[in-house]
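Engineer:
There are 2 protein chains.
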Amino acid sequence: MSVARPTIVDVAARSGVSIATVSRVLSGNRPASEATRARVLAAAEALDYRPSGVARALKLQSTRTIGLVVTDIENPFFPQLVSAIEAEATARGYGLLLCNTTDDEARELAALRLLVEQRVDGIMLASSRAMRRHAGLLRSLGLPVVLVNSRGVAGLPSVDTASRRGARLATDHLIGLGHRRLAHVTAPRSNVAAGERLSGVRDAVRAADVDLHVVEGDGRVEGGARAVASVPANVTGIVCYNDLTAIGVMRGLRSAGRRVPEDVSIIGFDDIEMAAWTDPPLTTVRQPTDAMGRWAVERLLGGGHDDRLHLEPELVTRGSTARASR
Amino acid sequence: MSVARPTIVDVAARSGVSIATVSRVLSGNRPASEATRARVLAAAEALDYRPSGVARALKLQSTRTIGLVVTDIENPFFPQLVSAIEAEATARGYGLLLCNTTDDEARELAALRLLVEQRVDGIMLASSRAMRRHAGLLRSLGLPVVLVNSRGVAGLPSVDTASRRGARLATDHLIGLGHRRLAHVTAPRSNVAAGERLSGVRDAVRAADVDLHVVEGDGRVEGGARAVASVPANVTGIVCYNDLTAIGVMRGLRSAGRRVPEDVSIIGFDDIEMAAWTDPPLTTVRQPTDAMGRWAVERLLGGGHDDRLHLEPELVTRGSTARASR
DNA sequence: ATGAAAGCGCTAACAC
DNA sequence: GTGTTAGCGCTTTCAT
């Protein structure tokens, strides 16, 4: 059995001062004489004293913890984002309470309840789902909320990548390579970003007067692989909702005996790490996850006014796209 | 500006009872008359009252939160594990405080400090690194610790996959397919599992009297790709430390003009989701991450005695391994 | 069945 | 520069 953890009272007793003095010395908030300072520090050290964040939180009305709700931690894009957020949070001395919802509404609500009861200082929602239905709920939570990787709902700050511009970038890249019959493998419309990316693709297609065929995937590898069957045979370039989809599309295409990029060019979105390692390496549109994470934390701890940040995506050209041959 | 969050006092006032009664009604710990019960519930509802986990934690000396320290959340194996752990934790009403250490010792220590000060009820360490040096520290933390995906340090409970047996399984699979000149791409020895898997490979090789060449990777795709250059040309089967390494090896092989599995068979370890989607799909050894996560949480909340669980790995045969042709 | 009050471990007035 | 004390929001004895 372990001994009870020492409290500020123990430190005070051992150093022969009041608990107030201990508090002051350890926080450095107020000056103390060098002698007492040393004694307090020594006592704390000797007892291996760790101030209770719980007690402090109760007093200061701040847990120095932020809640992070993520749609699907198993989609490699999210760990990248989580990593950026975690880094920024810890750097500021904040803890990160993680909830994974697997895109399940009930779990989403349960997560919010948990976070509110744990009294996190703010909540970050990294959901690709439409949050409009929850907007009211989110605003009534009584604490700062920021939407990450998701377009602003009125009244809530948000950061995301300018998806529409990114998709246009991708499509223009294909068009610039001479492709005239394109396909777009999108994600279910419940996904906000999917709509924006589709719009971006349409922007480009319209401007260049090029053919477009739209097929629905599921945002994962499998959906991409399945979608291939519905892509017309004369298509030479496919813009994918994300990298996972693109990987699936490449697999499907290969199974069907078509070569990438010789027969058809493929472009993804996100630039997950695996994108650099597919065969051929995937051309894609990079989302600046680090900047997203940093801004989100900054914004959340800074107060959370209603403003939105649209980060610029960046085209990353690799081997899965090539000049059209027909 | 949002209004101050209602406290138990507000609920008591509104329902005309004492705070003790409110507490009892809401917790259901003690009976109350139907009439008061209804009034309290109504008041709580009307005020949208959320009990403070902080105050409760201070009183009960339990935050209902567990800390999870992860080596590298960006390695797809970990999100899988985190997902399993998170699911089990939330199911039990516990929150998960996540720390990512990027394998950095300083961040690791900072994470532990943070978790102790936040007074988590227990800590789970999912590190592939050797923790022997920290064993003393971990034991002195004064709270339950369980090691996940890492072999037991004396005095600490742990769950992991029987890596040695898994590697033997993998190697035997190759040997059974007629391969007689094998290579193993391992990970740095700081990684405990790497040593065990190497031993497993050696067990199999010794038993079958087969050639083995060992090359060091880095546990990631890049190291696998680089390692290929050091693999003798006559090797026909490669056992890889993990799936990421295997993906790198496949890439490297293909760049060198060798075909998988026609010229050389490749087998990975972990069975990350992407393994099913490589070209060809990767034969691998599956780690039962769900069971690992569940057991770890159970063990942690159950008290954390010093016992270890070795989960059985499972061979998953896909397209990257084939009968040896020479 | 219900209420009064102590106390969990801190911080910050407010004394001196 | 240091000590005393109230109070953060709960749970739980102990009375009644």
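One line per chain: the protein sequences are A and B, in this order.
Anchor point for the first sequence: position 276 equals 275 in numbering that gives the first Met the number 0, and the numbering is continuous, going up by one each time.
Anchor point for the second sequence: position 131 equals 130 in numbering that gives the first Met the number 0, and the numbering is continuous, going up by one each time.
Here a beta-carbon is modelled for each residue, glycine too, at the ideal position from N, C-alpha and C.
Rounded to whole angstroms, what's the CA-CA distance from B/ASP120 to A/ALA203? Just pull it up for me.
Structural biologist: Counted from its first residue, the second sequence places residue 120 of chain B at position 121. Counted from its first residue, the first sequence places residue 203 of chain A at position 204. Computed Cα separation, rounded: 54 angstroms.
Engineer: Taking 8 angstroms as the CB-CB cut-off, is A/ALA56 touching chain B?
Structural biologist: As a first step, residue 56 of chain A is located in the first sequence; it is residue number 57 there, counting from the start. Closer than 8 angstroms: yes.
Engineer: Using a C-beta cutoff of 8 angstroms, does A/PRO260 count as contacting chain B?
Structural biologist: Sequence index remark: in the first sequence, residue 260 of chain A carries index 261 (1-based). No, A/PRO260 does not count as interfacial toward chain B.
Engineer: Can you tell me whether B/PRO231 is buried or exposed? The criterion is at least 16 other CB atoms within 10 Å of its CB, across all chains shown.
Structural biologist: Here residue 231 of chain B refers to the residue found at position 232 when the second sequence is read from its first residue. Here B/PRO231 is exposed. Its C-beta has fewer than 16 other C-beta atoms within 10 Å.
Engineer: Under the three-state reduction of DSSP, which class applies to A/LEU173: helix, strand or coil?
Structural biologist: Locating residue 173 of chain A in the first sequence gives position 174, where the first residue counts as 1. In this structure, A/LEU173 counts as helix in the three-state DSSP scheme.
Engineer: Go ahead and label B/ASP103 buried or exposed: buried means 16 or more other beta carbons lie within 10 angstroms of its beta carbon, across all protein chains shown.
Structural biologist: For the purposes of this step, residue 103 of chain B is identified with residue 104 of the second sequence, where counting begins at 1. Exposed, by the Cβ-count rule.
Engineer: Contact defined as beta carbons within less than 8 angstroms: I believe A/LEU96 pairs with A/THR64. What is the distance between those atoms, to the nearest angstrom?
Structural biologist: Here residue 96 of chain A refers to the residue found at position 97 when the first sequence is read from its first residue. Here residue 64 of chain A refers to the residue found at position 65 when the first sequence is read from its first residue. Taking the Cβ atoms as the reference, A/LEU96 lies roughly 6 angstroms from A/THR64, within the contact range of under 8 angstroms.
Engineer: Counting only C-beta atoms, is B/MET0 closer than 8 angstroms to chain A at any point?
Structural biologist: To locate residue 0 of chain B, count along the second sequence from 1; it is residue 1. Reliability fails at B/MET0, whose pLDDT of 47 lies under 50, so the model's placement of it is uncertain and the value that follows must be treated cautiously. Closer than 8 angstroms: no.
Engineer: Between the alpha carbons of A/VAL220 and A/ALA186, how many angstroms are there, rounded?
Structural biologist: Your numbering for residue 220 of chain A matches position 221 in the first sequence. Your numbering for residue 186 of chain A matches position 187 in the first sequence. Computed Cα separation, rounded: 11 angstroms.
Engineer: Which class does A/ALA182 belong to by DSSP, given the choice of helix, strand or coil?
Structural biologist: As a first step, residue 182 of chain A is located in the first sequence; it is residue number 183 there, counting from the start. Strand.
Engineer: Is there contact between the region 78–90 of chain B and the region 21–33 of chain B, where contact requires at least three CB pairs shorter than 8 angstroms?
Structural biologist: Result no; under three Cβ-Cβ pairs closer than 8 angstroms.
Engineer: What did DSSP end up calling A/ALA61 once you bin it into helix, strand or coil?
Structural biologist: Locating residue 61 of chain A in the first sequence gives position 62, counting from the first residue. The displayed chain sequence assigns Ser, not Ala, to residue 61 of chain A. DSSP places A/SER61 in coil when its eight states are reduced to three.
Engineer: Between which two residues does the alpha helix (DSSP H) carrying A/GLY94 extend?
Structural biologist: Residue 94 of chain A sits at position 95 when you count from the first residue of the first sequence. That residue, A/GLY94, is in no alpha helix (DSSP H); its beta strand (DSSP E) goes 94–99.
Engineer: Could you please give the first and the last residue of the uninterrupted beta strand (DSSP E) stretch that includes B/THR6?
Structural biologist: Taking the second sequence and counting its residues from 1, the one referred to as residue 6 of chain B is at position 7. Taken as a continuous stretch (DSSP letters only), B/THR6 belongs to no beta strand (DSSP E), as it is neither H nor E.
Engineer: Any beta-carbon of chain B closer than 8 angstroms to the one on A/MET291?
Structural biologist: Your numbering for residue 291 of chain A matches position 292 in the first sequence. So, not an interface residue.
Engineer: Please identify the residue among A/ALA193, A/TYR93, A/ALA45, A/ALA125 whose C-alpha is closest to the C-alpha of B/LEU113.
Structural biologist: As a working mapping, residue 113 of chain B is identified with position 114 in the second sequence. Taking only the C-alpha atoms, the option nearest B/LEU113 is A/TYR93.
Engineer: What do you get for A/ASN233, buried or exposed, if any count of 16 or more other CB atoms within 10 angstroms of its CB means buried?
Structural biologist: Here residue 233 of chain A refers to the residue found at position 234 of the first sequence. Looking at its Cβ environment, which holds fewer than 16 other Cβ atoms inside 10 Å, A/ASN233 is exposed.
Engineer: So, A/ARG285 versus A/ASP270, is the Cβ gap smaller than 8 angstroms?
Structural biologist: As a first step, residue 285 of chain A is located in the first sequence; it is residue number 286 there, counting from the start. As a first step, residue 270 of chain A is located in the first sequence; it is residue number 271 there, counting from the start. It is a contact, given that the beta carbons lie within the stated cut-off.
Engineer: Specify, as a first and last residue, the run of the beta strand (DSSP E) that B/ALA125 falls within.
Structural biologist: Here residue 125 of chain B refers to the residue found at position 126 when the second sequence is read from its first residue. Taken as a continuous stretch (DSSP letters only), the beta strand (DSSP E) holding B/ALA125 covers 121–125.
Engineer: CA-CA distance, A/ILE237 and B/ASP289?
Structural biologist: Mapped onto the first sequence, residue 237 of chain A falls at position 238. Mapped onto the second sequence, residue 289 of chain B falls at position 290. Straight-line Cα distance between these residues: approximately 36 angstroms.
Engineer: Report the rounded CA-to-CA distance for B/ALA42 versus A/VAL147, giving the unit in angstroms.
Structural biologist: As a working mapping, residue 42 of chain B is identified with position 43 in the second sequence. As a working mapping, residue 147 of chain A is identified with position 148 in the first sequence. Near 35 angstroms, if we compare the C-alpha coordinates of A/VAL147 and B/ALA42.
Engineer: Could you check whether the Cβ of B/THR62 sits closer than 8 angstroms to any Cβ belonging to chain A?
Structural biologist: As a first step, residue 62 of chain B must be located in the second sequence, where it is residue number 63. Yes, B/THR62 lies at the interface with chain A (some Cβ there is under 8 angstroms from its Cβ).
Engineer: Can you name the residues that DSSP bridges to A/LEU67?
Structural biologist: As a position in the first sequence, residue 67 of chain A is number 68, starting the count at 1. Its beta-bridge partners are A/LEU97, A/MET123.
Engineer: Is B/ALA125 near B/VAL191, with beta carbons less than 8 angstroms apart?
Structural biologist: Counting from 1 along the second sequence, the entry for residue 125 of chain B is found at position 126. Counting from 1 along the second sequence, the entry for residue 191 of chain B is found at position 192. In this structure, B/VAL191 does not lie closer than 8 angstroms to B/ALA125 by Cβ.
Engineer: By a C-beta neighbour count over all protein chains shown, 10 Å radius and 16 as the cutoff for buried, is A/MET0 buried or exposed?
Structural biologist: Residue mapping note: residue 0 of chain A aligns to position 1 of the first sequence, counting from 1. Because the pLDDT at A/MET0 is just 48, under 50, the model does not fix this residue reliably, and the point stays unresolved.
Engineer: Using 8 angstroms as the limit for Cβ to Cβ distance, is A/ILE72 near chain B?
Structural biologist: Working through the first sequence from its first residue, we reach residue 72 of chain A at position 73. So, interface residue.
Engineer: Does DSSP put B/MET0 in a helix, in a strand, or in coil?
Structural biologist: For the purposes of this step, residue 0 of chain B is taken as the residue at position 1 of the second sequence. Caution applies to B/MET0, whose pLDDT of 47 falls short of 50 and renders its modelled position unreliable; the model cannot decide the point.
Engineer: Tell me the DSSP bridge mates of B/LEU310?
Structural biologist: As a working mapping, residue 310 of chain B is identified with position 311 in the second sequence. DSSP, once it has assigned bridges, lists B/THR160 as partnering B/LEU310.
Engineer: In whole angstroms, what separates the C-alpha of A/ASP208 from that of A/VAL200?
Structural biologist: Sequence index remark: in the first sequence, residue 208 of chain A carries index 209 (1-based). Sequence index remark: in the first sequence, residue 200 of chain A carries index 201 (1-based). One C-alpha to the other measures close to 12 angstroms.
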